[in-house]
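Here is the structure we will look at, set down as structure tokens.
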Amino acid sequence: MYAVRELVKATRELEEASATATQAQQDQLHRLRLALISSISALPIPLLNEVLEEMKRVVVGLNGTLALAWTKGKGDGRRVKVKRNGGKGKQKERENIADVDEANVKELEKQRDEIVKALYREILERVGDREKEVVVRWWYENLEVLGGAPGAAAAETETGAEKDEKENQAVSGWGEWIRARL
């Protein structure tokens, strides 16, 4: 348990320094997040809930940064405030002042997708039966967050039918898995 909490602490420290971080530090942060995900299958339920909420915070943060990048330069070019989880369950608003160029956007999208896929694989293939109920419930509760683009950006590019189809595809994967296990 101590090692997992240290991983969470290390990722948060690197996140705080991310505005001035080198590419190597950004890569280290991403690897730490993936290491945290790989520990999910070995965690007791109380700690599992903490780590899942940490992963939600990470994905929400990445989505928020991407939302900022997507809105930058549109209209009057204003920056948007992004809600981020400041730890201990509190939401706070802060302006993301990091310049996000096209290459950074692609890298952030790649990292977010890799994190979500790693979560999915870990939950699907490695989590035990006792913990499965907890992680499946968490997955469904956070499906919109894990699905990709923030709501505002997704609404601009997807019709209602496309959003429904995307959600059905994500849900059907779990439905098939659950039916196979029954």
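If you're matching positions, the sequence shown starts at -12 in our numbering and goes up one per residue.
For every residue, glycine included, the Cβ atom is placed at its ideal position computed from N, Cα and C.
Proximity of isoleucine 27 and leucine 16 at Cβ, strictly below 9 angstroms | In the sequence shown, counting from the first residue as 1, residue 27 sits at position 40. In the sequence shown, counting from the first residue as 1, residue 16 sits at position 29. Cβ atoms of isoleucine 27 and leucine 16: not closer than 9 angstroms.
Can you give the beta carbon distance from valine 46 to arginine 99, rounded, assuming they're within the 8 angstroms contact cut?
-> Counting from one through the sequence shown, the residue named residue 46 turns up at place 59. Counting from one through the sequence shown, the residue named residue 99 turns up at place 112. Sure, about 6 angstroms apart at Cβ, within 8 angstroms.
Spatial distance of aspartate 116 from valine 122 (CA atoms) | Stepping through the sequence shown from its first residue, residue 116 is reached at position 129. Stepping through the sequence shown from its first residue, residue 122 is reached at position 135. Going by the C-alpha atoms only, they are around 10 angstroms apart.
Proximity winner among Arg124, Glu128, Glu118, relative to proline 33 (alpha-carbon distances) | Working through the sequence shown from its first residue, we reach residue 33 at position 46. For the residues Arg124, Glu128, Glu118, the minimum Cα distance to proline 33 belongs to Glu118.
Please check the pair alanine 8 and leucine 1, which I expect to be a contact at CB under 8 angstroms, by giving their CB distance rounded to whole angstroms.
-> Position 21 of the sequence shown holds residue 8. Position 14 of the sequence shown holds residue 1. Rounded, the Cβ-Cβ distance is 7 angstroms, consistent with contact.
Can you tell me which of the three DSSP states methionine -12 falls into?
-> Here residue -12 refers to the residue found at position 1 of the sequence shown. Methionine -12 falls in the coil class under three-state DSSP.
Measure the beta-carbon distance from leucine 35 to valine -5 and round it to whole angstroms, keeping in mind my assumption that it falls under 8 angstroms.
-> Here the question's residue 35 lines up with position 48 in the sequence shown. Here the question's residue -5 lines up with position 8 in the sequence shown. With a Cβ gap of about 13 angstroms, leucine 35 and valine -5 do not count as contacting.
Taking C-beta to C-beta, are arginine 20 and threonine 52 nearer than 9 angstroms?
-> Indexing the sequence shown from 1 puts residue 20 at position 33. Indexing the sequence shown from 1 puts residue 52 at position 65. No.
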